[in-house]
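Trainee: Before we start, here is the structure in question, set down as C-alpha cells.
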Amino acid sequence: MKKPKLRELGEAIKAVFKGPYTTKFPFQAPDIYPEFRGKPEFVEENCILCGGCVNICPVDAIEVRDIINDDGTAKRIMHRDYTRCIWCSMCSQNCTVGDGDVFGDKSGIKITNEFDLSTLDPSTAQEQIESELVLCEKCGKPITSKKHLLWLAERLGTKAFPNQTIFITKMKELGLADEENGIPTDELSREDLNKVLCPECRRNMMMSEDWSF
196 MKKPKLRELG EAIKAVFKGP YTTKFPFQAP DIYPEFRGKP EFVEENCILC
246 GGCVNICPVD AIEVRDIIND DGTAKRIMHR DYTRCIWCSM CSQNCTVGDG
296 DVFGDKSGIK ITNEFDLSTL DPSTAQEQIE SELVLCEKCG KPITSKKHLL
346 WLAERLGTKA FPNQTIFITK MKELGLADEE NGIPTDELSR EDLNKVLCPE
396 CRRNMMMSED WSF
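So, in C-alpha cells, the structure goes:
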C-alpha cells in the first residue's frame, strides 16, 4: 500500500465531517435487536419453582434453597447468580411451564435485552424469588413447592386423583380438606394413605407388612 500516512489522514478528515465509524457507547445506548438474548429473569407469576432450570443450567448459576422454619412453615427460594450466568438461554428454552419460546410470555424465565450488568459489587448481581414449600407430613422432608403441585393438578385433571399428595394439596387450596391435626407417630398406618407424603414415605407405607406386600 502506497503512502499509508496519507490514507490515514484522509480517513481522519472524513471522520471530522461524517462522524466516527464506531458507536458512541457508553455515552449513548446502542440499538439492540429484539432477538438479542441478554439477561434472563424469573417470571414470578409463571414460575412454579420446580427446580428444572437448576438441572439444565450448564454453569450452575441457578440454585434451589429450601428453608424450614422452627414454627413448621417452609419456603423454597430460586436463586440466580449473574456472575456465573453465560446467557445461553437454556433455562428459558427448557422451562417446565414454557413452550420453548425464550421471548414468549408463558415461560417461568424470560430473556431480556438487558446486557450492561457491569458492577463492582457482586451482591447486586443476584436475583431470587420464593414461594411456599410443601413438607412431608410423616418425615418432614421437603417435597416441592406448592405452586408445582397445584400446576400438576391442573395439568393432570382427573388423573391427579390417584396421587394423594397432589390431590390433597389441591383440595386444601380449594378449602375442601382440613389441615392434618393428628398425632405424629413413627408407625405406618392406614390413615397415612390420606396424607401429603414424600415418595420415600409413600413407598414405605405401601410396602409395609401391614399391607401384606
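When we follow the numbering used here, the leftmost residue of the sequence shown carries the number 196, and every step to the right adds one.
All C-beta atoms, glycine included, are put in the ideal place defined by N, C-alpha and C.
With respect to the beta strand (DSSP E) encompassing Phe237, which residues constitute its N-terminal and C-terminal limits?
Mentor: Start at 1 with the first residue of the sequence shown, and residue 237 comes out as number 42. Start and end: Pro235 to Phe237.
Trainee: Identify the residues that DSSP records as bridge partners of Val259: which are they?
Mentor: Here residue 259 corresponds to residue number 64 of the sequence shown, with the count starting at 1. Its beta-bridge partners are Met273.
Trainee: Find out if the Cβ-Cβ distance for the pair Leu392, Lys333 is shorter than 7 Å.
Mentor: For the purposes of this step, residue 392 is taken as the residue at position 197 of the sequence shown. For the purposes of this step, residue 333 is taken as the residue at position 138 of the sequence shown. Yes.
Trainee: Taking the alpha-carbon of Glu368 as reference, which of Ile208, Leu344 and Arg397 has the nearest alpha-carbon?
Mentor: Numbered from its first residue, the sequence shown carries residue 368 at position 173. For the residues Ile208, Leu344 and Arg397, the minimum Cα distance to Glu368 belongs to Leu344.
Trainee: Of all Cβ atoms in chain B, is any one closer than 7 Å to the Cβ of Ile208?
Mentor: Although the question refers to chain B, the structure presented lacks it and comprises just one protein chain.
Trainee: Alpha carbon to alpha carbon, what distance is there between Cys252 and Cys331?
Mentor: On the sequence shown, residue 331 is found 136 positions in, with the first residue counted as 1. On the sequence shown, residue 252 is found 57 positions in, with the first residue counted as 1. If I take the Cα positions, the gap works out to 28 Å.
Trainee: Using a threshold of 7 Å, state whether the C-beta atoms of Phe231 and Ile304 are closer than that.
Mentor: Here residue 231 refers to the residue found at position 36 when the sequence shown is read from its first residue. Here residue 304 refers to the residue found at position 109 when the sequence shown is read from its first residue. Against a cut-off of 7 Å, the Cβ pair of Ile304 and Phe231 comes out as no contact.
Trainee: For Val297, is the classification buried or exposed, using 16 other Cβ atoms within 10 angstroms of its Cβ as the cut-off for buried?
Mentor: Sequence index remark: in the sequence shown, residue 297 carries index 102 (1-based). By the neighbour-count rule (16 or more Cβ atoms within 10 Å), Val297 is buried.
Trainee: Could you tell me the distance, in whole angstroms, from the CA atom of Gln321 to the CA atom of Tyr277?
Mentor: By 1-based counting over the sequence shown, the position of residue 321 is 126. By 1-based counting over the sequence shown, the position of residue 277 is 82. Going from the Cα of Gln321 to the Cα of Tyr277 covers about 6 Å.
Trainee: Look at the Cβ atom of Pro225, then the Cβ atom of Ile306, and state whether they are nearer than 7 Å.
Mentor: In the sequence shown, residue 225 corresponds to position 30, counting from 1. In the sequence shown, residue 306 corresponds to position 111, counting from 1. No; because the gap between Cβ atoms is not below 7 Å, this pair is not in contact.
Trainee: With DSSP run on the structure shown, which of helix, strand or coil describes Val254?
Mentor: Reading the sequence shown from its first residue, position 59 is the one you call residue 254. Coil.
Trainee: In whole angstroms, what separates the C-alpha of Lys354 from that of Gly247?
Mentor: By 1-based counting over the sequence shown, the position of residue 354 is 159. By 1-based counting over the sequence shown, the position of residue 247 is 52. Computed Cα separation, rounded: 22 Å.
Trainee: From the DSSP output, read off the bridge partner residues of Pro436.
Mentor: The requested residue 436 is not part of the displayed model; the chain covers only 196 to 408.
Trainee: What did DSSP end up calling Thr339 once you bin it into helix, strand or coil?
Mentor: If you number the sequence shown from 1, residue 339 lands on position 144. Reduced to three states, the DSSP call for Thr339 is strand.
Trainee: So, Cys242 versus Thr291, is the Cβ gap smaller than 7 Å?
Mentor: Residue 242 sits at position 47 when you count from the first residue of the sequence shown. Residue 291 sits at position 96 when you count from the first residue of the sequence shown. For Cys242 and Thr291, no; Cβs fall outside 7 Å.
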